[in-house]
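Chemist:
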């Protein structure tokens with residue numbers, strides 16, 4: 226039998242997210258409809274990825290009652306070695322899930338739920354789960370959730386500081402080298 230709590234919980238796993246309309250709907254679900262909204266996103270993509278509005282939208286979600294956690298994949302060196310390939314660095318995988326679980330419904334596919342993804346060819350599958358599958362997917366979602374890092378105010382401040390450091394470094398690389406004041410004709 227499905228736990229009543231499960232029907233009021235919305236799990237979202239995503240690589241990235243920047244759509245303001247979707248963020249608004251998630252916040253509305255959390256505040257007005259009293260749904261527990263749990264969003265797990267890739268840490269690297271959230272904090273330093275190229276999706277322009279990503280960090281701001283994640284901060285909005287977190288500031289408005291949605292629970293946000295940041296996840297990452299495992300080490301990749303052994304995976305490459307297992308197929309006879311080598312990589313030079315200790316690369317880690319990403320949290321690349323694109324899924325939604327609520328009640329006994331599970332949506333998974335390729336959509337990143339970003340502005341750019343609206344121009345992509347995306348495919349998703351919506352599945353109505355039986356009791357066994359519902360329990361299993363909720364257990365898996367909870368396990369993944371527990372392993373991920375909470376998006377706290379401290380994490381947010383740290384990442385905002387890091388973003389500013391990266392932005393300052395980029396600005397300093399793009400500024401012209403100062404001249405000594407001599408002008409050659």
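Residue numbers (the working numbering): 226 to 410. Glycine included, C-beta positions come from ideal geometry on N, C-alpha and C. Note that the structure is a prediction, hence the values are computed from the model and not measured.
Taking the C-alpha atoms as reference points, what is the distance between residue 387 and residue 331?
Modeler: 35 Å
Chemist: Between residue 373 and residue 319, what straight-line distance do the alpha-carbon atoms span, to the nearest angstrom?
Modeler: 12 Å
Chemist: State the start and end residues of the unbroken alpha helix (DSSP H) segment that holds residue 291.
Modeler: Per DSSP, residue 291 is not a residue of any alpha helix (DSSP H), being assigned neither H nor E.
Chemist: For residue 368, tell me which candidate among 243, 263, 240 and 310 has the shortest Cα-Cα distance.
Modeler: 263
Chemist: List the whole-angstrom C-beta distance separating residue 260 from residue 254, where the pair is believed to meet the contact cut-off of C-beta under 8 Å.
Modeler: 4 Å
Chemist: Could you round the C-beta distance between residue 334 and residue 343 to whole angstroms and report it? I think they count as a contact, below 8 Å.
Modeler: 14 Å between Cβ atoms; not a contact.
Chemist: Using a Cβ-Cβ cutoff of less than 7 Å, which residues in the same chain neighbour residue 269 once the five nearest sequence positions on both sides are dropped?
Modeler: 297 and 319
Chemist: Secondary structure at residue 267, three-state DSSP: helix, strand or coil?
Modeler: strand
Chemist: Kindly indicate which three-state DSSP category residue 260 falls into: helix, strand or coil?
Modeler: coil
Chemist: Could you check which residue in 363, 398, 381 and 278 has the C-alpha nearest to that of residue 324?
Modeler: 363
Chemist: Taking the alpha-carbon of residue 376 as reference, which of 304, 295 and 329 has the nearest alpha-carbon?
Modeler: 295
Chemist: Quick one: using the 10 Å Cβ neighbour count with 16 as the cut-off for buried, is residue 378 buried or exposed?
Modeler: exposed
Chemist: Taking its Cβ as the centre, do 16 or more other Cβ atoms sit within 10 Å of residue 351, making it buried, or is it exposed?
Modeler: exposed
Chemist: Of the choices 251, 346, 306 and 271, whose alpha-carbon is the least far from that of residue 290?
Modeler: Minimum Cα distance to residue 290 is reached at 251.
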